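> Can you keep this structure in mind? I'll have questions shortly.
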Amino acid sequence: MDAATEKITKMQGYKLHVIETDKYKTNTLVWRMKAPLTKEDVTKRALLPQVLQSSSAKYPTTTTLRAHLDDLYGANLFVDLAKKGEYHIISFLIEIANEKFLNDPTTLLKKGLEFLAEILNNPNISENKFDQETVDKEKRTLKQRIQSVYDDKMRYSNVRLIEEMCKGEPYALQVNGEAEAVDAITSKDLYDYYKKAFSEDELDLYVVGDVKADEVKEIAAGLLQFEDRTPKKAPYPIVQKRSEVNIVKEEQDVKQGKLNIGYRTNIKFGDPDYFTLQVFNGIFGGFSHSKLFINVREKASLAYYAASRLESHKGLMMVMSGIDIKNYDQAVGIIHEQMEAMRKGDFTDEELAQTKAVIRNQILETIDTSRGLLEILYHNVVTDKDIKIDDWLSEMEKATKEDIVAVAAKIDLDTIYFLTGSEAER
Amino acid sequence: MEQIMFEQLKEELYHEKMANGLNVYILPKKGFNKTYATFTTKYGSVDNTFIPLGKSEFVKVPDGIAHFLEHKLFEKEDGDVFQQFSKQGASANAFTSFTRTAYLFSSTADVEKNLETLIDFVQSPYFSEKTVEKEKGIIGQEITMYDDNPDWRLYFGLIENLYQNHPVRIDIAGTIESISHITKDWLYECYHTFYHPSNMLLFIVGPVDPDKMMNQIRENQAKKDYKDMPEIKRKFEEEPVHAAEKKQVLKMNVQTPKCLVGIKALHVDQTGSDMLKNELTMNVLLDLLFGKSSDHYYQLYNDGLVDDSFSYDYTQEQGFGFAMIGGDTKDPNLLAERIETILLNAKNKGSFTEEQLERAKKKKIGAFLRAINSPEYIANQFTRYAFNEMNLFDVVPTLEGISVGNVESLAEEVIAEERFSVCQVIPNKS
C-alpha cells in the first residue's frame, strides 16, 4: 500500500503540509482557511475568494491573470467552499504541470507558489478597499451561484433537508451564504473582512507532488508570512432529540420526487466509534451491495439511485433517492425497514466482510488522487487530531456486529424531506 | 505482446491482439494503489439500425436498447455481478455513450480475480423476460431524473436542433415508451452482433505486471469459443450539412435562463490523425475565442451575460459532431446573438496572433498532463481514440503542430450561420 507520509512544518501564521510523491505529472497546491461558520460572515467568506482569484495588483484584470496561468502551462486555479461541521472552509487550489514532462525547463512549482502568494497577499485594492468593479461583478456572480441551486433538484432537495433539519443551527447556512446578504457588502467591508480572515483563520498550505519538502519550505517561507494566531473553536450546538419526526413536503413542478431523509448519528470524526459508523453506513446505504440499493432499487424497482452518506464532522447521515411521486409511502417504508434491520443486527457476516473490503478499497483509491488524499488528511486539521491513514484502515477492520448494532442504537431519525410534484399538474 | 514507449511522458504501454480479435492494452502505473480496467464495445446509442449477426436484413431496434443492455448484463442466473465485485473489494460500474458501452472496475486488491470477473460477466449474457420487465421501472426513474435536469434537456435539445436524421438526436436512455418495447430477444440480438471480441477493447491501468496479466487474458480468451465474425453492417440515413432547426425554447421549473449555441461539425467522416488534428484545432479555436483569458469572455462577463457556469466543448465522432458554447444567463437571446457574432467575426483574417496560439497550446498541454494523472481518463479516452483509429499519446505532438493558418482555415470553413443553432431553457413562470 502507498499511504504517503505528510511532513508538517509550523510556519509563520500557518502550517505547511508536504507530501512527496512521484505518482503525478503535476504538482498540487492547496491553500485552506478555516473559521467558525456564522450567519454574519458566511456570505463574505463566499465572496472573498472569488474576488481574490479574479484579479490582483500585478494582474489587475481577469484577462491578464488568466493569461499568466495559461503561460504557466495552463495551471488551473479554482476556489472551493465547504462546510465541515460548524466550520466554513475556503480553499484555493492550483494544479501546475511538473516541468520534467515538458520540453521547457522553467521551474513551475516556484512560479505556482509565487502566483498563489500574489493573489493572497497583493489584492487589487485602492484606498483601503477592493477594486469596486471587481467586487460588483463577483457579487452578481455570487447571487447567481446561490440562485442556481434551485435549478438542480438533486442539490436543492439536499440543501432543503439540511435547512429543515438544522434550523437555528449554523449548519443550516449554505456554503455560498445568503442571497439577501450579498447586496449590502461593500468593497470596504470585504477588504476589512479580508484582513480579519488572514489574521484570525486557521491557515494551512498543502503541496503534493514530486517536490522536496525542504525546498518547498524555503520558497513558502519567503513568500507567505502571517501573524501567529490561536484558531477560534466553533461552539458545538446542543441539539435536542425531536419528540416526533419532522416531515416536510414541498410541491414544485417536477416529474420525479426527491426523497431525502436525515438522521442524527450522534457520532463525529475523532469519536471512538466513528469508523464503526463508516461500516454501518456501508452496509446500510453507501454502496451498490448495500441494503438501500438492493431493496429500494433492485428488489422493488422504485428508484435509479438510493444511497446514504455521512457528514462526518456534524454527525449526520443522509439518505437520498429519486422516486415516482406515488411511491412515497412504499419507499419510506422500505427505508425504515432497512434501518430496523440494522438495529436488530439483521445482516450477515458476509455483508460485513464485503463492506469492509469495499471501504478499504475506497480509502486506498481516494488517496491515489492528490485531492482525495488532502481531503482525508484535512480531517485532522478540522478536529485537531492526528489520525493516520493506516488507523482509518485498521480501526474500520475491528468493527464487529455488536459494535455496529451499538452504533445503530445511537442513530436518530430526524427529518424526512420530500420534493413532490403538484397534484394539479399530474 | 508489443511494448510502446512514450519517453517524454515516462510511460510505457503494452499491446496485444488476441486470436479472437480482442485488442488488449496495459499501462503499468507504479506508486498507485488502484488498478482500473475498462472492457468496452464499439456499440452505443447511435447504432440503432444494423444487420443482426446471421441475418441478412437491416432492423431498427427500440431507442435506448444499448443502455438497457448495459444495465441487464450485470444480472446473472445466480444473482448480481455488483455483489461479486464488492465481495472482492472492487467497485464496478458501466456507462453507455453515443458510440460506446463500457464496463469497468477499480480495485486495490484481488486484481486478477476482479479482471476475470469483468471479462467473464461481459462475455456471458443472461437475460430473462422477468428481469427485463423489472429493469423498466429502474431505467424509467433514470429517464425521469434526466427529464427534470435542465442542463441535460438543454444539451439534448441542442443536438435535436442540429441533427435531422442521425440517431445522435435520440436520448441515450430512450424514453419510457421506447423501452417498453424491449424484450430479451432484442437484447440477445444486439449482444451477439456487437459484443464479439473483435469489436471490443480491454484497457488496464495500474500497478500491474504486464506479462502476467497478458497471459491471464490470453488464457481466459483461449477457453472461449468465438467464431470469426463478419463485418458489422450499420446504416445511417443521409444527413444534411446544415442545422435542422434554428432555435428551440424549453420552458422548465428553473429560476435562471440557460442558453447554448451549437455549431454542426464538418469532416465527420474523418478518422486517425486527420480527425485528431481537426478535433484539437477545433478545441484550440474555441479556447482562443471563449477561454477565460480571451477578450470575448471578459466582455461577456463584464456585461453580466455569463457567470461561472459558462463553458464550451467540442465533440466529434464518426458520422456526427458539434461544438457547444453557453451557460446560465440573464438574457438568453442577447447571449446567443453575442456568441454568434463572435463566431462569425472569427472568420476575418488576422483574428488570431502567434502569441495567443502559443498560449492556448501551452494551456492544452498542461491540461493533458493533468488529465493523464487519472487512470479513468487514460482508459476511457484511450479507448475512444483507438475506436477512431487515433492514439491518445499523440495529443501533445499534434497540438505542437497546429499553426495559425490551421486555425484560420478551420474557422473559415466550419463557422457558418446555416450550421448554427440555439437552444434555451427559460423559467416556466415567465
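Residue numbers (the numbering used here), protein chains in the order written: chain A, -7 to 418; chain B, 143 to 572. For glycine and all other residues, C-beta sits at the position ideal for the given N, C-alpha and C. Here the structure is a predicted model, which is why all the values come from computation and not from measurement.
Using the beta-carbon count (16 or more within 10 Å), is residue 436(A) buried or exposed?
The structure shown does not extend to residue 436(A), since chain A spans only -7 to 418, so no value can be given for it.
> Just to confirm my understanding: we take residue 289(B), look at its own chain, exclude 5 residues before and 5 after, and list those with CB closer than 6 Å. What are they?
In the second sequence, residue 289(B) corresponds to position 147, counting from 1. Counting only Cβ-Cβ distances below 6 Å, and skipping sequence neighbours, we find nothing.
> Does chain B have any CB closer than 9 Å to the CB of residue 116(A)?
As a working note, residue 116(A) is residue 124 in the first sequence. Not closer than 9 Å to any Cβ of chain B, the Cβ of residue 116(A) fails to qualify, so no.
> Any idea if residue 209(B) is buried or exposed, counting beta-carbon neighbours within 10 angstroms, 16 or more meaning buried?
Stepping through the second sequence from its first residue, residue 209(B) is reached at position 67. The residue in question, residue 209(B), is buried, as its Cβ has 16 or more Cβ neighbours within 10 Å.
> What does the alpha-carbon distance come out to for the pair residue 436(B) and residue 430(B)?
Walking along the second sequence from the start, residue 436(B) turns up at place 294. Walking along the second sequence from the start, residue 430(B) turns up at place 288. Using only the alpha carbons, I get a separation of about 6 Å.
> Run the CB neighbour count on residue 147(B), radius 10 Å, all protein chains shown included, and call it buried at 16 or more, exposed below.
Within the second sequence, residue 147(B) is the residue found at index 5, counting from 1. With a threshold of 16 other beta carbon atoms within 10 Å, residue 147(B) falls short and is exposed.
> Residues of chain B with a CB under 8 Å from the CB of residue 93(A): which are they?
For this step, residue 93(A) is matched to residue 101 along the first sequence. Those are 150, 151, 152 and 511, listed as they occur along chain B.
> Who are the Cβ neighbours of residue 397(B) in its own chain at under 8 Å, not counting the five residues just before and after it?
Sequence index remark: in the second sequence, residue 397(B) carries index 255 (1-based). Here the set comprises 569.
> Please report how far the alpha carbon of residue 234(B) lies from the alpha carbon of residue 496(B), in whole angstroms.
To locate residue 234(B), count along the second sequence from 1; it is residue 92. To locate residue 496(B), count along the second sequence from 1; it is residue 354. Approximately 46 Å, taken between the alpha carbons.
> Could you tell me which residues DSSP puts in a beta bridge with residue 180(B)?
Residue numbering aside, residue 180(B) sits at position 38 when the second sequence is read from its first letter. BP columns for residue 180(B) point to 246(B) and 345(B).
> Report the option in 192(A), 280(A) and 404(A) whose CA atom is closest to the CA atom of residue 37(A).
Counting from 1 along the first sequence, the entry for residue 37(A) is found at position 45. Comparing Cα-Cα distances from residue 37(A) to each of 192(A), 280(A) and 404(A), the minimum goes to 192(A).
> Between 318(B), 305(B) and 337(B), which lies nearest to residue 266(B) when the distance is taken from Cα to Cα?
The sequence position of residue 266(B) within the second sequence is 124, counting from 1. Closest by alpha carbon: 337(B).
> For residue 439(B), which residues in the same chain have their Cβ closer than 7 Å to its Cβ, ignoring the five residues on either side in sequence?
Here residue 439(B) refers to the residue found at position 297 when the second sequence is read from its first residue. Shown here for residue 439(B): same chain residues with a beta carbon closer than 7 Å to its own, the five before and five after excluded, namely 432 and 433 in chain order.
> Pairs of beta-carbons, one from the stretch 298 to 314 of chain A and one from the stretch 247 to 257 of chain A, closer than 8 Å: are there three or more?
yes
> When DSSP builds the beta bridges, which residues end up paired with residue 222(B)?
Within the second sequence, the letter at position 80 stands for residue 222(B). DSSP output for residue 222(B) lists 217(B) as bridge partner(s).
> Would you mind reading off the limits of the beta strand (DSSP E) that contains residue 79(A)?
The residue you call residue 79(A) lines up with position 87 of the first sequence. Residue 79(A) -> beta strand (DSSP E) spans 79 to 89.
> Any beta carbon from chain A within less than 9 Å of residue 224(B)'s own beta carbon?
Start at 1 with the first residue of the second sequence, and residue 224(B) comes out as number 82. Taking Cβ atoms only, chain A reaches closer than 9 Å to residue 224(B), which makes this a yes.
> I'd like the span of the beta strand (DSSP E) that includes residue 275(B), first residue to last.
Translated into positions along the second sequence, residue 275(B) becomes position 133. No beta strand (DSSP E) contains residue 275(B), which is instead part of the alpha helix (DSSP H) from 271 to 289.
> From the beta carbon of residue 350(A), is the nearest beta carbon of chain B less than 9 Å away?
Position 358 of the first sequence, counting from 1, holds the residue named residue 350(A). Judged by the 9 Å Cβ criterion, residue 350(A) is in contact with chain B.
> According to the Cβ coordinates, are residue 344(A) and residue 148(A) closer than 9 Å?
Indexing the first sequence from 1 puts residue 344(A) at position 352. Indexing the first sequence from 1 puts residue 148(A) at position 156. No. Outside cutoff.
> Using a threshold of 9 Å, state whether the C-beta atoms of residue 151(A) and residue 75(A) are closer than that.
Mapped onto the first sequence, residue 151(A) falls at position 159. Mapped onto the first sequence, residue 75(A) falls at position 83. Against a cut-off of 9 Å, the Cβ pair of residue 75(A) and residue 151(A) comes out as no contact.
> Tell me which residues share the same chain as residue 324(B) and place their Cβ nearer than 7 Å to its Cβ, disregarding the 5 neighbours each side in the sequence.
Along the second sequence, one-based indexing puts residue 324(B) at 182. Hits under 7 Å: 204, 207, 210 and 274.
> If you follow the alpha helix (DSSP H) that residue 353(A) is part of, which residue opens it and which one closes it?
Along the first sequence, read from residue 1 onward, the residue named residue 353(A) stands at position 361. Counting along the chain, the alpha helix (DSSP H) containing residue 353(A) begins and ends at 341 to 358.
> State the start and end residues of the unbroken beta strand (DSSP E) segment that holds residue 565(B).
Taking the second sequence and counting its residues from 1, the one referred to as residue 565(B) is at position 423. Residue 565(B) -> beta strand (DSSP E) spans 562 to 569.
> Less than 9 Å between the beta carbons of residue 386(A) and residue 276(B), yes or no?
Here the question's residue 386(A) lines up with position 394 in the first sequence. Here the question's residue 276(B) lines up with position 134 in the second sequence. No, they are not a contact pair.
> Just by C-beta distance, which residues in the stretch 313 to 326 of chain A are closer than 8 Å to chain B?
Listed by position, the residues of the stretch 313 to 326 of chain A near chain B (Cβ gap below 8 Å) are 314, 315 and 316.
> In the structure shown, what three-state DSSP assignment does residue 282(A) receive?
Position 290 of the first sequence, counted from the first residue, corresponds to residue 282(A). Coil at residue 282(A), not helix or strand.
> Check whether the Cβ atoms of residue 248(B) and residue 177(B) lie closer than 9 Å to each other.
Reading the second sequence from its first residue, position 106 is the one you call residue 248(B). Reading the second sequence from its first residue, position 35 is the one you call residue 177(B). The answer is yes: Cβ separation under 9 Å.
> Name the DSSP bridge partner or partners of residue 28(A)?
The residue you call residue 28(A) lines up with position 36 of the first sequence. Its beta-bridge partners are 79(A).
> Using 8 Å for Cβ pairs, my map puts residue 145(A) next to residue 250(A). What's the rounded Cβ distance?
Sequence index remark: in the first sequence, residue 145(A) carries index 153 (1-based). Sequence index remark: in the first sequence, residue 250(A) carries index 258 (1-based). So it is a contact: roughly 6 Å between Cβ atoms.
> Who pairs with residue 465(B) in a beta bridge, going by DSSP?
Your numbering for residue 465(B) matches position 323 in the second sequence. In the DSSP assignment, the residues bridged to residue 465(B) are 405(B) and 456(B).
> Please classify residue 177(A): does DSSP put it in a helix, a strand, or coil?
The sequence position of residue 177(A) within the first sequence is 185, counting from 1. It is coil, neither helix nor strand.
> Check distances from the C-beta atoms of the stretch 25 to 46 of chain A to those of chain D and list, in chain order, the residues that come in under 7 Å.
Among the protein chains in the structure shown, which are A and B, there is no chain D.
> Strictly below 7 Å CB to CB, what residues from chain A border residue 501(B)?
Indexing the second sequence from 1 puts residue 501(B) at position 359. 59, 62 and 63, listed in chain order.
> May I have a chain-ordered list of the alpha helix (DSSP H) segments no shorter than 4 residues that lie completely inside the stretch 1 to 56 of chain A?
31 to 46
> From the DSSP secondary-structure annotation, give me the bridge partner or partners of residue 390(B).
For the purposes of this step, residue 390(B) is identified with residue 248 of the second sequence, where counting begins at 1. DSSP lists 565(B) as partners of residue 390(B).
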